[in-house]
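Here's the structure, in structure tokens; my notes come after.
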Amino acid sequence: MRTFSAAAFAALASTTLAAPVHLHKRQESLDISQTLQNILDNTHGSDLYTYPTDLTRGIVPKAIHSHNDYWRDVPFYSALSVGCVSIEADVWLVNDTLLIGHERSALTSARSFDSLYIQPILSVLRRENPITQYIQTPTRNGVYDTASDQTLYLFVDLKTDGPTTWPYAIRALEPLRQAGYLTTYTRNSSGEYITPGPVTVIGTGNTPLNQVQPLASRDYFFDANLALLSTTQSNITSYVSPIASTQFSRYIGSPNATTLDFNSTQLQTIQTQIAFAKSKGIGGRYWDTPAWPVSTRDAVWKELVGQGVALLNADDLLAAAGFTGPAGW
Ligand SMILES: *[C@@H]1O[C@H](CO)[C@@H](O)[C@H](O)[C@H]1NC(C)=O
Ligand SMILES: *[C@@H]1O[C@H](CO)[C@@H](O)[C@H](O)[C@H]1NC(C)=O
Ligand SMILES: *[C@@H]1O[C@H](CO)[C@@H](O)[C@H](O)[C@H]1NC(C)=O
Ligand SMILES: *[C@@H]1O[C@H](CO)[C@@H](O)[C@H](O)[C@H]1NC(C)=O
Ligand SMILES: *[C@@H]1O[C@H](CO)[C@@H](O)[C@H](O)[C@H]1NC(C)=O
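Numbering-wise, my numbering comes out as the position in the sequence shown, counting from 1, plus 41.
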């Protein structure tokens, strides 16, 4: 069982990558010659055997949304280490600062949107986009070394008043914006355009739609309600909401506790919602899916993956990362 200690992540985040101790241990058990073992033991960290963007080497990105990401000991880096392509920060505006926490009582001045998300993401992206003599023009690689064009969805869940908090969130993105790391939207006389970037910001919670949808130029998007795309939110396009989400418990409900099957109404609702979103080029995500019992959680995940959700919402990242879904997942 892998666990994430704060120390392990501090090591991960330090500028000079330490020799990967676990790798060394693993190799000790290999049936190889002593000479080769010596080479393996003594070359870690040497210039020949490191490369600039190796921070996330070997991590395969997965269509997982790290739900309640800020609950983890080390937000963002935990999600990164298992390959989540989507994370979520709950932000509260307190005295002109955006703090992170699930509820007010969990807030501290050290845990800010900037310190827990913006700076760590920027730091990883700087590593994945090194400036070397081999680079002609600045690159815009994503956080994953194995899939550099994979964007990282950053859901910003506003907990305090939307119209006042959202402008602060937009301002907080400035370091990522300056570095050219945000996915952008432009509308002009020739049409609508998305320029993909390493990070795609999506406002959710109290985010005001009218501070996103009408703008002709922006580097943030809106989390529409997947269940309302065909009705009250029918004028929302993928240019506004690349991903739309809805509350599973409210719109679908639990499967049968004994058989773990969904009834025909539930299946129809999931199919219709996801298919409608897809027809508009929008990816679907359900939140508030059952986390327990594990058999129910897995039955729900399996159904959702089979139905083609864009992101699987997960509280247990390791379970989700190791989840074996239907073929193609
Ligand atoms: C917010 O600022 C006011 C005025 O400076 C101060 O009295 C108050 O303690 C601050 N609140 C928090 C939560 O920091
Ligand atoms: C519209 O925006 C796109 C994307 O930025 C750009 O390529 C195109 O040249 C623009 N067209 C006009 C007419 O400004
Ligand atoms: C979308 O529809 C809503 C509600 O019907 C309306 O208030 C809003 O102005 C529309 N927005 C656009 C961009 O058409
Ligand atoms: C299907 O399950 C939902 C949620 O438990 C329930 O509200 C609904 O009545 C059921 N429909 C049928 C046809 O069994
Ligand atoms: C769950 O399925 C079992 C077995 O088919 C059935 O007997 C039971 O009535 C179902 N429960 C509900 C709440 O529909």
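Each residue gets a CB set at the ideal place from its N, CA and C atoms; glycine is no exception.
Model, not experiment: these values are computed from the prediction.
- Taking 9 angstroms as the cut-off, the Cβ atoms of I235 and P179 do not count as close.
- For the 9 angstroms CB-CB criterion, A285 and I323 form a contact.
- Spanning the alpha carbons of L217 and G325 requires a straight line of approximately 26 angstroms.
- Of the heavy atoms belonging to ligand 3, none sits nearer than 8 angstroms to the Cβ of T313.
- Annotated three-state conformation of N276 is coil, per DSSP.
- In its chain, beyond the 5 residues on either side, I159, L223, V242, D260, Y261 have a beta carbon closer than 8 angstroms to the beta carbon of L214.
- Fewer than three beta-carbon pairs drawn from the stretch 73 to 93 and the stretch 114 to 124 are found closer than 8 angstroms, and the two stretches are therefore not classed as touching.
- Going by beta carbons, L157 and S150 fall outside the 9 angstroms limit.
- Within the DSSP secondary-structure output, Y194 pairs in a beta bridge with S127, T241.
- When secondary structure is reduced to three states using DSSP, F154 falls in the helix class.
- Burial is judged here by how many other beta carbons sit within 10 angstroms of a residue's own beta carbon; V101 has fewer than 16 and is exposed.
- Around the beta carbon of Y92, fewer than 16 other beta carbons lie within 10 angstroms, which makes this residue exposed.
- A straight-line Cα-Cα distance of about 14 angstroms links V341 and D356.
- Shortest gap from the CB of V132 to any heavy atom of ligand 1: 8 angstroms or more.
- Secondary structure within the stretch 201 to 232: the alpha helix (DSSP H) runs of 4 or more consecutive residues, fully enclosed, are 203 to 213, 215 to 219 (chain order).
- DSSP places V341 within a helical segment (H, G or I) once states are collapsed to three.
- Excluding sequence positions up to five before and after L352, its CB lies within less than 6 angstroms of the CB of A104, H106, S127, R326, all in the same chain and listed in chain order.
- G183 sits in coil when the DSSP states are folded into three classes, being neither helix nor strand.
- Between ligand 2 and the CB of S153, the shortest heavy atom gap is not smaller than 8 angstroms.
- Closest by C-alpha distance to R167, out of R152, Y185, F154, R228, is Y185.
- Classified as exposed, Q78 has fewer than 16 neighbouring CB atoms from the shown chains inside 10 Å of its CB.
- Judged by beta-carbon spacing, P161 lies within the 9 angstroms limit of F117, meaning their Cβ atoms are closer than that value.
- Of L270, E344, T278, Q191, the smallest CA-CA separation from S305 is found for E344.
- Counted as a single uninterrupted DSSP element, the beta strand (DSSP E) harbouring Y327 occupies residues 324 to 328.
- Here S320 is exposed. Its C-beta has fewer than 16 other C-beta atoms within 10 Å.
- DSSP places S305 in the uninterrupted alpha helix (DSSP H) bounded by 305 to 320.
- Straight through space, the alpha carbons of I293 and T310 are spaced by roughly 7 angstroms.
- The C-beta separation of S146 from E169 comes to about 36 angstroms, leaving the pair out of contact by the 8 angstroms criterion.
- When distances are taken from the beta-carbon of S150 to the heavy atoms of ligand 1, the shortest one is below 8 angstroms.
- Excluding the 5 residues flanking it on each side, P239 has same chain C-beta neighbours closer than 7 angstroms at L166, R181, N182, G183, V184, T192, L193, Y222, in chain order.
- In the DSSP assignment, A362 falls within the alpha helix (DSSP H) that extends over 358 to 362.
- Under the three-state reduction of DSSP, G347 is assigned to helix.
- Contact between D329 and F289 is confirmed by a C-beta separation of about 5 angstroms, below the 8 angstroms threshold.
- Across the set W112, D95, A130, L256, the C-alpha of D95 shows the shortest separation from the C-alpha of T187.
- Following the DSSP letters along the chain, one finds I159 in no beta strand (DSSP E), marked with neither H nor E.
- By the C-beta density criterion, D131 is buried, having at least 16 other C-beta atoms within 10 angstroms.
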